[in-house]
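For reference, the structure is listed below as C-alpha cells.
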Amino acid sequence: MAVAGKVACTPKGDWVNGTAYEVLDIVKHDGASWMSKVDNNSQEPSDTALNWLQLAKDGVDGTDGTDGTNGIDGVDGSLWYRGTAVSGKISTPAAFNTGITEAHTNDNYLNTNEGAIYHCVTPGDESTATWVYDMTLTGGGSSEPTWSEVQGKPFTNIGDGLEVVDVGGVPTLTSNGGALKIGDVSGASISSNMTEVSLTWSDPADIVVDGTTLAAWEGTLVVRKAGSAPANRNDGTVIVDNKVRNQYS
Numbered sequence: 137m138a139v140a141g142k143v144a145c146t147p148k149g150d151w152v153n154g155t156a157y158e159v160l161d162i163v164k165h166d167g168a169s170w171m172s173k174v175d176n177n178s179q180e181p182s183d184t185a186l187n188w189l190q191l192a193k194d195g196v197d198g199t200d201g202t203d204g205t206n207g208i209d210g211v212d213g214s215l216w217y218r219g220t221a222v223s224g225k226i227s228t229p230a231a232f233n234t235g236i237t238e239a240h241t242n243d244n245y246l247n248t249n250e251g252a253i254y255h256c257v258t259p260g261d262e263s264t265a266t267w268v269y270d271m272t273l274t275g276g277g278s279s280e281p282t283w284s285e286v287q288g289k290p291f292t293n294i295g296d297g298l299e300v301v302d303v304g305g306v307p308t309l310t311s312n313g314g315a316l317k318i319g320d321v322s323g324a325s326i327s328s329n330m331t332e333v334s335l336t337w338s339d340p341a342d343i344v345v346d347g348t349t350l351a352a353w354e355g356t357l358v359v360r361k362a363g364s365a366p367a368n369r370n371d372g373t374v375i376v377d378n379k380v381r382n383q384y385s
C-alpha cells in the first residue's frame with residue numbers, strides 16, 4: 137500500500153530569505169502569492185523561479201475617484217482702519233470718502249480726532265461701503281465728549297492722576313508716572329504668638345473702564361528687611377510671592 141505525502145497547502149505568510157520551504161507551502165512575495173513545488177525550497181519566488189508556482193498577483197490600480205466638492209469659504213476676519221474720514225457719530229449708516237478700496241462687513245474704523253469707533257454695515261469701496269457709530273474710547277459723562285473736550289483732562293471717575301493724552305492721534309489713558317498703577321493692598325493686619333507671625337490683607341482690584349480692563353493685578357510681593365522698610369522689591373528677602381487674588385485675606 138502506498139503512503140500519501142503532504143496533501144494540504146500551508147500558508148506561511150511573507151517569504152523570508154534563507155528559509156527552507158516544503159512542498160505546498162504558500163508564501164506572499166513581490167505582490168503575488170506562490171506555492172512551493174519542492175521540499176527544502178530556499179529559492180526566491182519569481183516569474184522565472186522553477187521551484188515556485190504563482191497562484192495570484194495584485195491587480196492593476198483602479199482609476200482615481202472624482203474630487204470632492206470644495207468646502208464653504210470661511211468668514212473674512214475684521215480689519216481696523218484709522219483716520220478722520222468716518223465721523224459724526226451717526227446712527228444711520230452712511231458712506232464716506234475713506235480711500236478704502238474694499239471694506240468688509242464688520243470692519244472697524246477709529247476716528248483719531250473723536251476717539252470714536254465705527255463699523256462697516258454695507259461692504260464695498262468708498263462710494264458704496266456704509267459705516268455706523270459704535271462707541272467712543274474717551275468715555276466720560278452722560279454725553280460723550282469730543283477729543284478736543286477731553287484732551288489732557290483728568291478721568292476723576294477712575295482715579296487721581298489719570299488723564300487722556302494724544303499718542304499718535306489716538307486718545308490714550310496715562311498717569312503721571314507714564315502708566316496706569318494698580319492700587320495698594322488694603323485691610324492689612326498682623327498678629328503673632330509664641331511661634332509664628334500671621335499677616336493678612338486684601339489684594340487690589342483691576343482698573344476697568346466700560347468693561348475694558350486697563351490694568352490688571354498680577355500678584356502681591358511681601359519683602360522682609362531687618363532694621364528698616366525695604367526701598368524696593370529687591371531690597372530684602374521675599375517671603376511671599378502670591379499670584380492668587382485674596383489668598384491671604
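Here the sequence shown is numbered in our numbering, starting from 137 and rising by one per residue.
Just so it is clear, CB atoms sit at the ideal spot from N, CA and C, and this is done for glycine as well.
- Inter-residue distance for Arg381 and Asn368 is about 21 Å (C-alpha atoms, whole angstroms).
- When secondary structure is reduced to three states using DSSP, Tyr384 falls in the coil class, being assigned neither helix nor strand.
- For the 8 Å CB-CB criterion, Ala185 and Ala168 do not form a contact.
- Nearest Cα to Pro229 within the set Leu215, Gly219, Pro259 and Thr248: Pro259.
- In the structure shown, Pro229 adopts coil according to DSSP, grouped into three states.
- As the crow flies, the alpha-carbon of Gly235 is around 8 Å from that of Asp261.
- Our two residues, Asp377 and Asp371, have alpha carbons roughly 15 Å apart in a direct line.
- The C-alpha of Pro340 lies about 22 Å from the C-alpha of Thr373.
- Asn206 counts as exposed, since fewer than 16 other C-beta atoms from the protein chains shown sit within 10 angstroms of its C-beta.
- Ser334 and Lys379 have their C-alpha atoms spaced approximately 18 Å apart.
- For His255, the enclosing beta strand (DSSP E) stretches over residues Ala252 to Thr258.
- Boundaries for Tyr157: no beta strand (DSSP E) harbours it, and the DSSP string shows neither H nor E there.
- Residue burial annotation: Asn247 is buried, with at least 16 other C-beta atoms found within 10 angstroms of its C-beta.
- When DSSP states are grouped into helix, strand and coil, Asp377 belongs to the strand group.
- In this structure, Tyr269 and Ile226 form a Cβ contact; the two beta carbons are roughly 5 Å apart against a cut-off of 8 Å.
- In this model, Lys361 and Thr348 are separated by some 38 Å (Cα to Cα).
- For Pro147, the enclosing beta strand (DSSP E) covers residues Thr146 to Asp150.
- At the C-beta level, Thr264 and Ala231 come within 8 Å of one another.
- Leaving aside the five residues that flank Val174 on each side, the residues in its chain whose CB is nearer than 8 Å to its CB run, in chain order, Val159 and Asn187.
- The secondary-structure analysis by DSSP pairs Arg360 across a beta bridge with Thr373.
- In the displayed model, Trp353 falls within coil according to three-state DSSP, outside both helix and strand.
- The residues Ile253, in chain order, have a CB closer than 6 Å to that of Met271 in the same chain once the five nearest residues on each side in sequence are set aside.
- Non-local C-beta neighbours of His165 in its own chain, meaning closer than 6 Å and more than five positions away in sequence, comprise Trp151 and Pro181, ordered along the chain.
- The Cβ neighbour count for Cys256, taken over all protein chains shown within 10 Å, is at least 16; the residue is labelled buried.
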